Amino acid sequence: MVKPYRVLVTGSRTWEQPNSVWTALNDARGEALQTGRPFVVVHGACPRGADAHAARWCATATQFADGVTEEPHPADWQTNGKRAGFIRNAHMVNLGADVVLAFIRDGSRGASHTAALAERAGIPVRHFTT
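The working numbering applies: residue 35 is where the sequence shown begins, and numbers increase by one.
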């Protein structure tokens, strides 16, 4: 079985530029196609911002392309309280990725945390800011 090309999208809930998320995902998808590996988009399943833009990209991409899979990881706020986002972020990084796309607006603590964890894990991070 071929190992998928995993892209972790992290970003601010207030990220208001869906085109930048879509462009970055299209570019990463092109990289995956060059390797012949299936493409997996991992995100935190937030209903707003960069995660929501990534989810919409996945919904559109899966209609038109084979080999695109969405892997949402919602935070468990009820169980983990205020730390839920940070716990979820660490979990997503620990699952591994080929690259992280970090869309950080206003110094977003969650997205900055995920990017820092990924960098420490040796995962390349592409930073996008407003």
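Ideal placement from N, C-alpha and C gives every residue a C-beta, glycine not left out. All of these numbers come straight from a predicted model, not from anything done at the bench.
Rank the options by C-alpha distance to the C-alpha of residue i and give the top, closest one.
i: residue 147; options: 37, 96, 70 and 43; result: 43
i: residue 50; options: 143, 153 and 137; result: 137
i: residue 89; options: 41, 127 and 142; result: 41
i: residue 134; options: 121, 141 and 151; result: 151
i: residue 122; options: 80, 48 and 66; result: 80
Would you grab the beta carbon distance between residue i and residue j for me? Rounded to a whole angstrom, and I think it's under 8 Å.
i: residue 87; j: residue 55; result: 4 Å
Is the CB-CB distance between residue i and residue j below 8 Å?
i: residue 115; j: residue 73; result: no
i: residue 63; j: residue 37; result: no
i: residue 129; j: residue 76; result: yes
i: residue 119; j: residue 109; result: yes
i: residue 46; j: residue 139; result: yes
Compute every distance between the C-beta of residue i and the non-hydrogen atoms of the ligand GDP, then say whether any falls below 7 Å.
i: residue 67; result: Looking for the ligand GDP in the displayed structure turns up nothing, as the structure carries no ligands at all.
Using the C-alpha atoms, what's the distance from residue j back to residue i?
i: residue 158; j: residue 61; result: 15 Å
i: residue 161; j: residue 113; result: 30 Å
i: residue 39; j: residue 143; result: 26 Å
Where do the ends of the beta strand (DSSP E) carrying residue i lie?
i: residue 160; result: 159-163
i: residue 136; result: 133-138
i: residue 45; result: 39-45
The alpha helix (DSSP H) that contains residue i, what's its start and end?
i: residue 119; result: 118-128
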